[in-house]
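Undergrad: For the sequence shown, the numbering used here gives the first residue as 7, with consecutive numbering after it. Don't be surprised by glycine CBs; every beta carbon is placed ideally from N, CA and C. Every value quoted in this text rests on a predicted model; they were computed, and no experiment measured them.
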Amino acid sequence: MNTIIIDGLSFALPLFIMAIGGIYCERSGVTNLAIEGLQGFGAFCGALFAVCIAPYFAGDSPVPFYLAMVFALLGGTLFSLLHAMLCIRFKANQVISGVVINILAMSLTEFMTKQINASIFKAASNKFVLGVSARVTVPGISSVPVLGAVFTNLYPFEPVIALIAVIAWYVLYRTPFGLHLRACGDNPHAVDAAGIEVGKVRLIAVLVSGALSGLGGICFAYSISANFSSNIYSGYGYLAIAALIFGNWKILPTLGACLLFGFARSGGYELVKVLEMPSSYQDLVMVLPYVLTLLMLVFFGKKNHSPRALGVIYDKGAR
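1) Decide yes or no for the touch test of the region 59–77 against the region 237–248: beta carbon pairs closer than 8 Å, at least 3 of them.
2) By how many angstroms is the C-alpha of Val204 removed from the C-alpha of Phe117?
3) Ignoring anything shorter than 4 residues or poking outside the region 31–116, list the alpha helix (DSSP H) runs there in chain order.
4) Can a CB atom of chain D be found closer than 8 Å to the CB of Leu160?
5) With DSSP as the reference, label Val152 as helix, strand or coil.
6) Measuring CA to CA, which of Gly52, Ala90, Phe63, Phe85 is closest to Ala373?
7) To which residues of the same chain is Leu258 closer than 8 Å at the C-beta, ignoring the five residues directly before and after it?
8) Note down, one range per segment and in chain order, each alpha helix (DSSP H) of at least 4 residues found wholly within the region 173–237.
9) Beta-carbon within less than 8 Å of Ala315's beta-carbon, same chain only, minus the 5 sequence neighbours each way: which residues are those?
10) Could you compute how far the alpha carbon of Lys308 sits from the alpha carbon of Ile251?
11) Taking the beta carbon of Ser16 as the centre, do at least 16 other beta carbons fall within 10 Å, making it buried, or is it exposed?
12) Between the C-alpha atoms of Thr37 and Val101, what's the straight-line distance to the nearest angstrom?
13) Taking all protein chains shown into account, do 16 or more other C-beta atoms lie within 10 angstroms of the C-beta of Thr181, making it buried, or fewer, making it exposed?
14) Ignore the nearest five residues each way along the sequence and tell me which others in Lys120's own chain have a CB closer than 6 Å to its CB.
15) Please list, in chain order, all residues of the same chain as Gly220 whose beta carbon is under 8 Å from its beta carbon, the five residues on each side excluded.
16) Does DSSP put Val144 in a helix, in a strand, or in coil?
17) Determine the closest residue to Leu294 out of Ala111, Val280, Glu276, Glu282, with distance taken between C-alpha atoms.
18) If you measure between the beta carbons of Ala263 and Gly253, is that distance less than 8 Å?
19) Less than 8 Å between the C-beta atoms of Val304 and Val291, yes or no?
20) Sorted by chain position, which residues of the same chain lie with C-beta nearer than 7 Å to Gly274's C-beta, five sequence neighbours on each side aside?
21) By DSSP, does Phe22 sit in helix, in strand, or in coil?
22) So, is His311 buried or exposed, given that buried needs 16 or more other C-beta atoms within 10 angstroms?
23) If you compare alpha carbons, which of Ile126, Phe127, Leu261, Glu282 is closest to Leu19?
24) For Val135, which three-state DSSP category applies?
25) In the DSSP assignment, find the unbroken alpha helix (DSSP H) run with Phe305 in it and report its ends.
26) Could you tell me which of Tyr62, His89, Asp321, Val212 sits nearest to Asn108, measuring between CA atoms?
27) Enumerate in chain order the residues of its own chain whose CB-to-CB distance from Val214 is below 7 Å, with the five nearest sequence positions on each side excluded.
28) Determine the burial state of Met7: buried for a count of at least 16 other Cβ atoms within 10 Å of its Cβ, exposed for fewer.
29) Could you spell out where the alpha helix (DSSP H) holding Ser272 opens and where it closes?
Quick look at the structure:
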């Protein structure tokens, strides 16, 4: 049970922070299918910076990891400007914009990784090797049955994500900006009539989505894959979108969906070990969160209600 909780949290929390970014974006009225691409590009920026500065630090130093997180935030924010420009400035179809950005990010980062490895590191590789970040255990509370597993073998990014999630919840539900953002997704014309610029609020929401997606990407790179490669584009972005939809575009229910996906994945891996099945079955376990997504869609899909102006291009002159 402890292993299921520990591994489930390490998967669910990066997924959750990406989903929060999606909530910010879609509650403002901008459909965001680009989470996968924003995640990948942010992870690329963070990983590139980490491998460049790694020789200047000891092998067990956490500094490259934390700096990688900062640059992943910046990289995801920068790349999300493309989505914001297409959807807000040029009023392009938001679904098509998201799909194109995903394809562009995957192709661009794959090409750049190969070129940088060949020209700078003199290696024919399509990945940046990062290694797995060190894990910590909180003394005392970690010995409590079941609950203690939450505080055992923590990746450094897990408390960071928890703190950012609390801040994001507070901003969205307890500040005037959060009220304006939610109103933009339901009635943007009322927001405009109140003297608030809808485009500016939506721009900030898209940038937040890019930053948090990039953060989630670098966390996956340092935990699940131990490197930056095409493994980052493994459907995690779409799984985050599914989680926020099942969470009805609300942060706390979305956390529940992410935990469900995480525990389904870790529970599947543990089942393979307990039954002493061949290691090839672990690849099959990776589809469990997606199968769970389909089942949840069948049973709970009708109860979800998206923001009323989600995906609707805002035209100030149309009343």
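TA: For this structure:
1) With a cut-off of 8 Å, the region 237–248 and the region 59–77 do not count as touching, because too few Cβ pairs lie within range.
2) Cα-Cα distance, rounded: 36 Å.
3) Within the region 31–116, the complete alpha helix (DSSP H) segments at least 4 residues long are 41–59, 69–90, listed from N- to C-terminus.
4) The question asks about chain D, but that chain is absent: this structure has only one protein chain.
5) In the structure shown, Val152 sits in coil (DSSP, three-state: anything other than H, G, I, E or B).
6) Residue 373 lies beyond the residue range present for the chain, which begins at 7 and ends at 325; the question has no answer from this structure.
7) Beyond the five residues adjoining it in sequence on each side, Leu258 comes within less than 8 Å, by CB distance, of Trp175 in the same chain, given in chain order.
8) Taking only runs of at least 4 residues, the alpha helix (DSSP H) segments lying wholly in the region 173–237 are 182–192, 194–199, 204–226.
9) Counting only Cβ-Cβ distances below 8 Å, and skipping sequence neighbours, we find Gly35, Cys190, Gly191, Asp192, Asn193, Pro194.
10) A straight line joining the alpha-carbon of Lys308 with that of Ile251 spans about 11 Å.
11) Of the residues assessed, Ser16 falls on the buried side of the cut-off, its CB having 16 or more other CB atoms within 10 angstroms.
12) Just so you know, the alpha carbons of Thr37 and Val101 end up roughly 7 Å apart.
13) The residue is exposed, with fewer than 16 neighbouring Cβ atoms inside 10 Å.
14) So the qualifying residues of the chain are Asn132.
15) Its chain contains Leu44, Gln45, Phe47, Gly48, Ala49, Cys51, Gly52, Ala78, Leu79, Leu80, Gly81, Gly82, Thr83, Phe85 as the residues whose beta carbon lies nearer than 8 Å to that of Gly220, once the 5 sequence neighbours on both sides are disregarded; these appear in chain order.
16) Reduced to three states, the DSSP call for Val144 is coil.
17) Ranking Ala111, Val280, Glu276, Glu282 by Cα distance to Leu294 puts Glu276 first.
18) Cβ atoms of Ala263 and Gly253: closer than 8 Å.
19) No, these two residues do not count as a Cβ contact at 8 Å.
20) Apart from sequence neighbours up to five positions away, the residues of its chain that approach Gly274 with a beta-carbon distance below 7 Å are Val291, Leu294, ordered along the chain.
21) Phe22: helix per DSSP, three-state reduction.
22) It counts as exposed.
23) By alpha-carbon distance to Leu19, the top candidate from Ile126, Phe127, Leu261, Glu282 is Leu261.
24) DSSP places Val135 in strand when its eight states are reduced to three.
25) Start and end: 294–306.
26) Of the candidates Tyr62, His89, Asp321, Val212, the one whose C-alpha sits nearest the C-alpha of Asn108 is His89.
27) So the qualifying residues of the chain are Gly27, Tyr30.
28) It counts as exposed.
29) That run of the alpha helix (DSSP H) goes 257–280.
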